[in-house]
Structures are given as structure tokens and as C-alpha cells.
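Each number in this note's numbering comes from the position in the sequence shown (counting from 1) with 8 added on.
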Amino acid sequence: MKNLKTLLLPVIMVLAGAGSAYASHSGKQSEKALVRGYAYHENEAKPCIPSEKVCDTSGTFICSGDVGMGNEDLYQLSGTVCPNVLTHTSP
């Protein structure tokens with residue numbers, strides 16, 4: 009029984025370490041999710057206007073695109089509102 013415990017303990021530790029490494033790696037990948045941008049037009053019936061531009065959410069540059077009224081900052085849709093400015097990794 010003692011030999012079984014000494015054999016299983018390192019195996020369990022290796023599996024736990026591998027699981028932790030996988031979980032932290034997949035979390036970093038999800039931070040780079042691609043999100044469609046929405047322009048915010050306050051006086052419209054639907055203030056969040058969809059654009060064709062897709063932004064990633066991990067950069068430092070503000071994502072902008074043209075939805076018919078010139079170049080505008082794009083926002084992330086949340087329900088029926090678009091409160092968060094989107095960013096992307098390249099200008």
C-alpha cells in the first residue's frame with residue numbers, strides 16, 4: 009500500500025501541473041477574441057450600428073471603422089447597448 013502511494017503521488021502532481029498549464033494557456037488565448045465593432049450613434053433608434061470591421065480585444069490601439077459617416081471609434085455590443093471602446097493590436 010505504501011508503494012502505491014509513493015507511485016501515485018508524483019503521477020497526480022504531474023497531471024495537476026499539466027492541467028494548470030493548459031488552463032492558463034487557454035485563458036490567454038481567449039483574451040485575443042475577435043469581436044465585431046459597432047459605431048455609436050446617440051440620436052438613432054438603434055444607437056449601436058454594426059460595422060464590417062472585426063477587432064481583437066487585446067491591443068492598445070483604438071479600433072475604428074467607417075459605417076457610412078466617416079471613420080469612427082468602434083464599440084463592443086453588450087445586449088442592446090455598446091458601452092466599451094474596442095481595441096486591437098495593429099493600427
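Every residue gets a Cβ at the ideal spot worked out from N, C-alpha and C, and that includes glycine. This structure is a prediction, so every number in the text was calculated from the model and none was measured.
Return the bridge partner residues of residue i from the DSSP annotation.
{"i": "residue 96", "result": "69"}
Indicate whether residue i and residue j have their beta-carbon atoms separated by less than 8 Å.
{"i": "residue 95", "j": "residue 71", "result": "yes"}
{"i": "residue 75", "j": "residue 59", "result": "yes"}
{"i": "residue 45", "j": "residue 73", "result": "yes"}
Taking the alpha-carbon positions, what's the residue i to residue j distance?
{"i": "residue 84", "j": "residue 54", "result": "14 Å"}
{"i": "residue 43", "j": "residue 79", "result": "18 Å"}
{"i": "residue 18", "j": "residue 65", "result": "39 Å"}
{"i": "residue 82", "j": "residue 63", "result": "9 Å"}
{"i": "residue 98", "j": "residue 47", "result": "19 Å"}
{"i": "residue 69", "j": "residue 52", "result": "27 Å"}
Classify residue i as helix, strand or coil using the three-state DSSP reduction.
{"i": "residue 77", "result": "coil"}
{"i": "residue 42", "result": "strand"}
{"i": "residue 35", "result": "With a pLDDT of 49 at residue 35, under the threshold of 50, the modelled position of this residue cannot be trusted; read the value that follows with caution. In the structure shown, residue 35 sits in a helix (DSSP, three-state: H, G or I)."}
{"i": "residue 18", "result": "helix"}
Determine the extent of the beta strand (DSSP E) in which residue i is found, giving its start and end residues.
{"i": "residue 85", "result": "83 to 86"}
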